[in-house]
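What follows is a single structure, written as structure tokens, with notes after it.
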Amino acid sequence: DARPTAIVAAIDEELRGLAAGLDAPQRQRRAGRDFLLGTLEGRPVVLVLSHIGKVAAATTTALLLGEFGCGRVVFTGVAGGLGDGVHVGDVVVAQQLLQHDLDASPLFPRWEVPHSGRDRFDTDASLTEALAAAATRALAALPPPAAPWPLPAGAARRPPRVHRGLVVSGDRFVHGPDQGRALRAALPAALAVEMEGAALAQVCHDFGVPFAVVRTVSDRADGSAAVDFARFIRETASVCSEAIIRGLLRA
Ligand code: ADE
Numbered sequence: 003d004a005r006p007t008a009i010v011a012a013i014d015e016e017l018r019g020l021a022a023g024l025d026a027p028q029r030q031r032r033a034g035r036d037f038l039l040g041t042l043e044g045r046p047v048v049l050v051l052s053h054i055g056k057v058a059a060a061t062t063t064a065l066l067l068g069e070f071g072c073g074r075v076v077f078t079g080v081a082g083g084l085g086d087g088v089h090v091g092d093v094v095v096a097q098q099l100l101q102h103d104l105d106a107s108p109l110f111p112r113w114e115v116p117h118s119g120r121d122r123f124d125t126d127a128s129l130t131e132a133l134a135a136a137a138t139r140a141l142a143a144l145p146p147p148a149a150p151w152p153l154p155a156g157a158a159r160r161p162p163r164v165h166r167g168l169v170v171s172g173d174r175f176v177h178g179p180d181q182g183r184a185l186r187a188a189l190p191a192a193l194a195v196e197m198e199g200a201a202l203a204q205v206c207h208d209f210g211v212p213f214a215v216v217r218t219v220s221d222r223a224d225g226s227a228a229v230d231f232a233r234f235i236r237e238t239a240s241v242c243s244e245a246i247i248r249g250l251l252r253a
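If you count the sequence shown from 1, you need to add 2 to reach UniProt numbering.
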């Protein structure tokens, strides 16, 4: 497949390293976004910042597929950990994505995307495996100085892990003990929460294009985090994200 791979992130720092390393870069502006075309690890890519939230992610994805002809889409960024054992610094690779704030009941079951007959979308299995393998290699290779970010009180200092499973998305930064607890109770299978992945998934599904989502866990979605969010993204998530994406493209 000669079509480019789209690499999408919500936050500038998450793409900065990849953008700086892009060969033969070419910038095209659409809908207030800069699409950076070029090659990375010898592969054609389009890098773009979606900005935050489901609508921003959907707009960006529709442009990547409709205007730029991308053949696969990978989202990289950070997420709040929900699952037991999903700690700050771990990486979550989505196998399914669901919009936790979608509720058209009683017309449709809670979470179901109206007229699609489903509440979750599966990521592409082989792309997801390749991403998880790249994440495992990246975590093993990250230098120790990337590890001692400010951990929340009580969080175990163990080597970071890669998890695979359900990731949920919604237009809310989940914080404070009640929001996190409610989400864990409603969707016990959810490993992590973020604000874009399930929207990207729905658009890719409609276009029939394979996609995958990888997230570094920046907080526990419970407000207990003493983590400095901006610092975590700058020092840890961006490094992790660049290593994972480069590893994926090299594979
Ligand atoms: N991205 C990173 N942490 C998050 C959280 N707690 N809620 C939603 N999106 C996030």
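Glycine included, each C-beta is placed from N, C-alpha and C at the ideal position.
Fair warning: this is a prediction, and the values are worked out from it, not measured in the lab.
| Asked | Found |
| --- | --- |
| At a cut-off of 7 Å, is residue 196 close to the ligand ADE when judged by its beta-carbon and the heavy atoms of the ligand? | yes |
| Would the beta-carbon of residue 14 be found less than 7 Å away from any heavy atom of the ligand ADE? | no |
| With a cut-off of 8 Å on the beta carbons, I'd call residue 95 and residue 166 a contact; round off their distance for me. | 5 Å |
| What does the Cβ neighbour count give for residue 204, buried or exposed, with the cut at 16 atoms within 10 Å? | buried |
| State the DSSP-derived secondary structure class of residue 218, mapped to helix, strand or coil. | strand |
| I need the DSSP call for residue 211, collapsed to helix, strand or coil. | coil |
| Please go through the stretch 44–125 and give each complete alpha helix (DSSP H) segment of 4 or more residues, from N-terminal end onward. | 56–68 |
| Going by the C-beta, is residue 68 closer than 7 Å to any heavy atom of the ligand ADE? | no |
| From which residue to which residue does the alpha helix (DSSP H) around residue 180 run? | 178–188 |
| Just to confirm my understanding: we take residue 48, look at its own chain, exclude 5 residues before and 5 after, and list those with CB closer than 8 Å. What are they? | 6, 7, 8, 9, 37, 38, 39, 66, 70, 72 |
| Measure how close the beta-carbons of residue 59 and residue 198 come, nearest whole angstrom, since I'm counting them as under 8 Å. | 4 Å |
| Please state whether the Cβ-Cβ distance between residue 170 and residue 104 is less than 8 Å. | no |
| How about residue 246 and residue 41: are their beta carbons less than 8 Å apart? | no |
| CB of residue 240 to nearest heavy atom of the ligand ADE: below 7 Å? | no |
| Along the chain, where does the beta strand (DSSP E) that runs through residue 14 open and close? | Element bounds for residue 14: not the beta strand (DSSP E) but the alpha helix (DSSP H), 14–22. |
| Give the straight-line distance between the Cα atoms of residue 248 and residue 133, rounded to the nearest whole angstrom. | 10 Å |
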